[in-house]
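Those protein sequence lines, which keep their order, are chains B, P and Z. Mind the numbering: the first sequence is residues 1 to 622 in the numbering used here, read in order. Mind the numbering: the second sequence is residues 1001 to 1510 in the numbering used here, read in order. Mind the numbering: the third sequence is residues 2001 to 2102 in the numbering used here, read in order.
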Amino acid sequence: MMTVATVLSCLLPLASTLALAFSGERLGPRASTLIGVGSVGLAALATAWALLAYSGASQSVTLWTWVSVGDFQPTIGLTVDRLSLVMMGIITGVGFLIHLFAAWYMAGEAGITRFYAWMNLFVFSMLILVLADNLLLLFLGWEGVGLCSYGLIGYYYQDEANNWAAFKAFIVTRIGDVFLALGMFLIFVEIGSLDIGQVLDQAPRVWAEGSATANIAALLILGGALGKSAQVPLHTWLPDAMAGPTPVSALIHAATMVTAGVYLIARLNGLFLLAPDVLLLVGVIGAVSLLLAGFAALAQTDIKRVLAYSTMSQIGYMFVALGVGAFDAAIFHLTTHAFFKALLFLSAGSVIISCHHEQEMGKLGGLWRQLPVAYAGFLVGGAALVALPLVSAGFFSKDEILWQTMAADRAGLLIAGLLGAVLTGLYTVRLILGIFHGEPGSHHARHPEPGKNLFTHHLPLIVLAVLSTFLGAWLYPGLGELFPAAPGEAADTGHTLLQVLATGAVIAGLALAGWLFLMRRQWLHSVVEKGAGARCWTLLNRAWGFDALFKWGLVRPWQWLVHGLRCDFINRGMNLLALIARVGNAGLVRTQNGRVRTYACVMVLGVTVILISLVLTRGGGT
Amino acid sequence: MILLWLILIPFFGGLLCWQAERWGQQAPRWIALGTMLLVLAASLVLWIGGDFSPPGVSESPWLLEWRVPWIPRFGIEIHLAMDGLSLILVALAGLLGALAVLCSWNEIVERVGFFHLNLLFIMSGVVGVFLALDLFLFFLFWEAMLVPMYFLIALWGHSGSPGQTRIRAATRFFIYTQASGLLMLVAILALVFVNYSNTGVMTFSYNALLNANVPDGLAFWLMLGFFIAFAVKLPVVPFHGWLPDAHAQAPTAGSVDLAGILLKTAAYGILRFAIPLFPEQSQAFAPVAMTLGLVGIFYGAILACGQQDIKRLIAYTSISHMGFVLIALYAGSELAMQGAIVIMVAHAFSSAGLFILSGQLYERIKTRDMRLMGGLWGRIPTLPGLTLFFVAASLGMPATANFIGEFMVLFGTFDNAPEVVIIASAGLVLAAIYSLLMMQRVHFGGEYSQGRLAGPDAREYAMMLLLIGLTLAVGLYPQPLLDTTASMVQPVVALFTDSAGLAAQAEEVE
Amino acid sequence: MNGVPMEHGLVLAATLFSLGLAGLMLRRSMLFVLMSLEIMLNAAGLAFIVGSTAWNQPDGQAMFLLVITLAAAEASVGLALMIQLYQRFHSIKLDNVSRMRG
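Next up, the structure:
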């Protein structure tokens, strides 16, 4: 039963994608929306069915053998266990709510059919990613979501900047994917199988803990995870990816696709436990990313970019959790993050549409009275984001991460996490104040058109808001037995102390934000205007200059290379032969000048030479 | 006998097309299409009815064989034989031939009869190359492919910028392939004479020459002669000069044939002749060949990014893809070699798709210069979406055949040559760059000019759907293909790896 | 046989041949070229005659008849060509007539 439901929930989005893609433009916007949203809704129902039918044991279904040559036997097979069920729930459940919201958000846009075709293909690919029972099929989903992300970031194709953003997203993640592919090659050659269960089974037998090969394999897989999950240094694509429609940002670039890296590492936990150094590196990268993104979020003016950096920062938390071996905590935060970040993005989308596609913070402001639903969404989502104690979902998951970090004795990571909490408070308050309070910055902000549709606008926001409170945290089933024991499960000393500490960090952040943005507003402005403050602002606004680094370190040299080779110099080299022939031709053609006299001269010369040589050889012979 | 008919059907069909022009413009087209479909159908029937399990020790490795003496004095026979690989490639030739006829339905309006004569003669030559087992016969067909292709480019091609005329491109194509073909002829003759002096029997037969006992030093040069002939056609980088010009100037049908099938004859040649005839030398040569493959992957990709002509871009991507094939052929593992065959098939589909699409674009906007495109997504229905599919296939998106091929190659090569795989994998990023760059320049961005253009008609749509369906089918379930070629690939791999073992043993003994 | 020694006759023939050859190589006018050719043919004929006299063989004289016939034919064709040339180009300078690129 469960496998049937699972396959069904994969096939529904795929079927609707095919229907939409091949309908051309015969389907009207209404029918497209219905098919697009409806199929994901049905997929969500199928997932719910699978959840109900779940017996506690993992189940596999092999549809067919993909390739079979020698040992190379990857299958098209799905495995359902607790982890995939949680991910399925997020993908189809949150996905459905976002689709529903998209029906409101995208109304009146051109190319709705294309939008839903891509969105549903994305849902399908993401489901394959989390259900795949072997790495090659996982890679199919992995690349598939990348392609969909490409198609959706560049959805507004008339503006070339959007397409370049999509291009960048695809290429940067593709760089990560190559590492993942190399990791697969290594695993296949060493272990002889790509089946995830077998790999996890065999790995400890083939590799000693901390052996070089295990480390390399884990590093390569980590490379793939970094690209997809937008962690340092492969993170630069995520802020630019906000060029896509807001529901896309909510679904792909907040709730699901960017957390695929977290899923991947959690799924291959056994492999990473064999490489403790790499696992620590995961945590360090997470900590660096969360701080770096937290600072960068402080200096953004585009509300979606603030949210993008905050996503990156929250994924950093998940990586920290993975890094200390607390896989369960990472997935827990993944789940709550999916709820509250989707809520924040959808609320932002509501604001953006209400204000006629205005998303610069400076041009918004004072909207709380006119846009109460979006305001409520932002408040609840923001509370979860800063992990407001006890009432928010974010608190429980983030607390779990910090607690595990402390239990694992990683003081550095813990401090980064606490500092990150302060930063989160700062940028969240700045964001909410910037949008909803103060003076409206433009005509559109003064006269917004709030969303009114109960079903497609209010409902998704309300459901997500409920899920972002402590209720959402309760919903999380826990994956206990799937993962090896986390460090914090044995001990309980100091947990209360930590909770107090974390709460202190949150309150400190909020208080600091209130003081800075409410009381010392003028002073802040003057600092940022000029001198060192302005430079600091620019640095943060450009997120520490990684883009420039890549531009001058990779993109420009590449362009120079392309430009330099454009003439195809190797081909020129081969043309040298033709040149020689031509020069020879030009030389010899001079002898054919039509003057009988020269012919006669040459002939005499030739006869003389022959005679002389004859005489000489005769002479030599006798 | 059916093997002979596979060659003769397109030949006579071509003559018929030529004469049929007097009955009207449409007659040659229908005749050509029918002929191609007949070849395709015949090979499909053979495929369905064939038994491709590995043959027993005493059984013939060939599915079908046909031989009659031709010039007995020199031991030349008309010896045709078919195994799984030939069958796949003949079927591919039939399919792409039919597509070539279809895609030039509206494009070619002058000398229609003669055009189809050439198209069918190419097919005849290609099928002959895939079936010939007598080396002399093979050489004959190898050269016979060139002439009609020359006319195709020279008579119906497009002249690009001044100095880049179609005649020039055709001549260049001809000289490159002819010169390399002569090199192969020298190698063939030398091989035959060495065999003659050893055994006293003058023969051009493949089976006999497989056991020819060639002195080591000479064998290396002979192997090189074969390799260079095939390398020019594949093309491998220093010898690629003819390809971009020929593609850019050729009519759509010519490009489809060229990229879809003619390039595959080279890979087929390496697989059938260069490696089995000289396994030890090939084994020794493998590092060089793989390096050339790597150079091809990168060089083709870099140059593809710098092109302004859309067909030149696709031509350079072919060079990049063929680099993977070259690596795989010399990797010495069954997985990689099977992967090479899948890439050959996949590349035939995806490059044919892209060339046909660029031909369709040309029919609509009368240019192939990407600087004059942009924003076409909003102006043409359906076509850009189809382009995106083939672009995705070309960059190796999973679920397309290209992915299966490339990854089988990389998986198979990793064991023997991990460093090659690591470098080649970077080519996957480059593939994404050039493919998406093309999408970007042609279909996205601001509209270069105004006005809505017609979407694909039923003929164009059907061709595309067929190619998409095949790409996905091979991408999701390549097993029938792999099973067909397995019995051909396994002995070659065994020869290749055995020779490595022998060489190692020899060293130990010394 | 007494009289002129064979060497003298051959030297005369060689001198005549050289003169003709020099004329052929140096003159531009077609008339002189034809005359030079004629001289060379006759020089060759003379050598035949001298040879046949020296060895008392008739072959050389038969050869001379052939040479005369050839010379007559050559002269008639050459002169006809020259007249055509003059009518077309109003010049009998051979260099003016050459159309080759060279």
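Yeah, the Cβ is synthetic: ideal placement off N, Cα and C, and Gly gets one too. Remember, predicted model here, so these are calculated numbers, not experimental data.
If you draw a straight line from the Cα of residue 1274 of chain P to the Cα of residue 2096 of chain Z, it comes to about 59 Å.
In summary, residue 305 of chain B is buried, with 16 or more beta-carbon neighbours lying within 10 Å of its beta-carbon over all protein chains present.
Pairing residue 185 of chain B with residue 1410 of chain P gives a Cβ-Cβ distance under 7 Å. Of the candidates B/345, B/407, B/402, B/398, B/345 places its Cα closest to the Cα of residue 379 of chain B. Under the three-state reduction of DSSP, residue 1067 of chain P is assigned to strand. Using a 10 angstroms sphere on the CB of residue 211 of chain B, the tally of other CB atoms stays under 16, which defines it as exposed. When CB distances to chain B are screened at a threshold of 9 Å, the residues of the segment 1398-1419 of chain P falling below it are 1398, 1399, 1403, 1404, 1407, 1408, 1410, 1411, 1412, 1413, 1414, 1415, 1418, in chain order. Residue contact check for residue 2098 of chain Z against chain B: a CB pair falls below 7 Å. For residue 66 of chain B, the secondary structure class from DSSP, reduced to helix, strand or coil, is coil.
Residue 2090 of chain Z carries a coil assignment under DSSP once its states are collapsed to helix, strand and coil. Chain B places no beta carbon closer than 7 Å to that of residue 1205 of chain P, leaving this residue out of the contacts.
Residue environment: residue 1478 of chain P is assigned as buried (16 or more neighbouring CB atoms within 10 Å of its CB, all protein chains considered). Taking all protein chains shown into account, residue 341 of chain B has 16 or more neighbouring C-beta atoms within 10 Å of its C-beta and is therefore buried. Looking at the DSSP output, residue 1328 of chain P shares a beta bridge with no other residue. Distance from the Cα of residue 1460 of chain P is smallest, within the candidate group P/1420, P/1483, P/1359, for P/1359.
Close to residue 2079 of chain Z, with beta-carbon spacing below 7 Å, lies no residue of chain B; the smallest spacing is near 16 Å. With its beta carbon less than 7 Å from one in chain Z, residue 600 of chain B belongs to the interface. Taking C-beta atoms as the reference points, residue 1373 of chain P and residue 1330 of chain P fail to come closer than 7 Å.
In the DSSP assignment, residue 77 of chain B forms a beta bridge with B/62. Bridge partners of residue 1078 of chain P according to DSSP: P/1068.
Taking a C-beta distance under 7 Å as the contact criterion, residue 1293 of chain P and residue 1269 of chain P do not qualify as a contact pair. Between residue 1431 of chain P and residue 1395 of chain P, the C-beta gap is smaller than 7 Å, which places the two residues in contact. For the C-beta of residue 604 of chain B, the chain Z residues within less than 8 Å are, from N- to C-terminus, 2021, 2025. The three-state reading of DSSP puts residue 1051 of chain P in coil, since its state is none of H, G, I, E or B. In the structure shown, residue 211 of chain B adopts coil according to DSSP, grouped into three states. Judged by DSSP in its simplified three-state form, residue 442 of chain B adopts coil rather than helix or strand. Interface flag for residue 160 of chain B against chain P is set, since a Cβ pair is found closer than 7 Å. Note on residue 66 of chain B: 16 or more other CB atoms within 10 angstroms of its CB, so buried under the neighbour-count rule. With a threshold of 16 other beta carbon atoms within 10 Å, residue 1010 of chain P meets it and is buried. 7 Å or more divides the Cβ of residue 258 of chain B from the Cβ of residue 275 of chain B. Counting the other Cβ atoms within 10 Å of the Cβ of residue 1308 of chain P gives fewer than 16, which makes it exposed. Within 8 Å of the CB of residue 1299 of chain P, the CB atoms of chain B belong to 565, 570, in sequence order along the chain. Interface criterion met: the Cβ of residue 2094 of chain Z is under 7 Å from a Cβ in chain B.
For the C-beta of residue 1425 of chain P, the chain B residues within less than 7 Å are, from N- to C-terminus, 178, 181, 182.
Proximity of the segment 55-65 of chain B to the segment 34-42 of chain B falls short of the contact definition, fewer than three beta-carbon pairs being nearer than 8 Å. Look at the segment 1426-1452 of chain P: the residues with a C-beta under 7 Å from a C-beta of chain B are 1426, 1428, 1429, 1432, 1433, 1436, 1440, 1444, 1445, 1446.
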